[in-house]
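Protein chains: 2
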Amino acid sequence: MGLSSAFKALSDPVRRKILYMLRERDMTAGEIAEKFDISWPTISHHLNVLKQAGMVVDERKGQNIYYSLNTSVFEEVVAFLMELWGRKETGF
Amino acid sequence: MGLSSAFKALSDPVRRKILYMLRERDMTAGEIAEKFDISWPTISHHLNVLKQAGMVVDERKGQNIYYSLNTSVFEEVVAFLMELWGRKETGF
DNA sequence: AAGATATTTTGATGATTATCTAAATATAGT
DNA sequence: ACTATATTTAGATAATCATCAAAATATCTT
Chain A
0 MGLSSAFKAL SDPVRRKILY MLRERDMTAG EIAEKFDISW PTISHHLNVL KQAGMVVDER
60 KGQNIYYSLN TSVFEEVVAF LMELWGRKET GF
Chain B
0 MGLSSAFKAL SDPVRRKILY MLRERDMTAG EIAEKFDISW PTISHHLNVL KQAGMVVDER
60 KGQNIYYSLN TSVFEEVVAF LMELWGRKET GF
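Residue numbers (numbering that gives the first Met the number 0), protein chains in the order written: chain A, 0 to 91; chain B, 0 to 91.
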């Protein structure tokens with residue numbers, strides 16, 4: 000299920016934009032939601048999809064919940080693509 | 000739409016397996032379908048999803064239709080992931 | 001304990017998706 | 001032209017998904 004949920008998470012532009020924002024700094028759910036013209040529950044849903052896919056981590060600090068990138072899954076995804084990309088018969 | 004359809008195409012294990020098989024050699028739709036316990040129309044549907052995403056190319060040769068990998072889209076996908084993966088503040 | 005703020009959960013809805021069977025199309029060989 | 005082979009298209013169904021409004025939960029402040 001790892002690769003499937005990761006690619007599924009990446010297939011939505013809203014979620015890709017969230018990941019792209021988190022690349023610069025950790026953000027609260029509210030900060031993230033403000034960047035979109037989408038309801039908070041929908042953003043919360045997207046964050047949950049990313050969390051289930053292991054691409055983000057959340058941590059509560061007081062009233063806020065901070066989200067941050069979890070790059071370990073990216074390794075798996077990139078590794079799969081590189082293996083696919085590099086043709087088998089190529090020896091180097 | 001490019002990245003979304005590419006990631007969506009990659010989110011299905013059947014389609015990932017098809018891509019993985021095509022890495023070794025070009026195959027006809029029939030050869031591909033034989034590898035799965037899924038109906039031919041369903042495989043045809045998956046091939047069409049991959050084609051729409053620009054990840055495979057099809058070419059008719061007589062009765063057969065050959066499918067082959069199209070790696071140009073992979074560049075785009077990997078580039079996006081690498082940009083996401085490499086943290087912004089890292090200078091090297 | 002009561003009110004304010006931040007975020008998620010619930011329940012509902014319309015859109016998309018994976019799958020099937022049956023029918024249609026295209027090519028090759030007789 | 002007819003038949004066999006290869007593959008896709010059409011039509012239907014059940015499952016999943018993105019979205020919203022309303023309600024619930026958690027933490028902080030007073």
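Where is the CB? At the ideal position from N, CA and C, for every residue including glycine.
None of the values given here were measured: they were computed from a predicted structure.
{"Item": "Collapsed DSSP secondary structure at R59 (chain B) in the structure displayed", "Value": "strand"}
{"Item": "Secondary structure, alpha helix (DSSP H): runs of 4+ residues fully inside the stretch 22-66 of chain A", "Value": "28-33 and 39-51"}
{"Item": "Chain-ordered residues of the stretch 56-78 of chain B with a beta carbon less than 7 Å from chain A", "Value": "T70, F73, V76 and V77"}
{"Item": "Chain-ordered residues of the stretch 31-49 of chain A with a beta carbon less than 9 Å from chain B", "Value": "none"}
{"Item": "Other residues of its chain near R22 (chain B): CB distance less than 6 Å, five sequence neighbours each side excluded", "Value": "none"}
{"Item": "Neighbourhood of L80 (chain A) by C-beta distance below 8 Å, restricted to the same chain and skipping five residues each side", "Value": "none"}
{"Item": "Contacting residues, own chain, Cβ-Cβ under 7 Å from R24 (chain B) (five flanking each side not counted)", "Value": "none"}
{"Item": "is_contact[K16 (chain B), chain A] using C-beta, thresh 8 Å", "Value": "no"}
{"Item": "Beta-carbon contacts of A52 (chain A) that lie in its chain and below 6 Å, excluding the five residues immediately before and after", "Value": "S4, A5 and A8"}
{"Item": "Burial state of A78 (chain B) (16 or more Cβ within 10 Å)", "Value": "exposed"}
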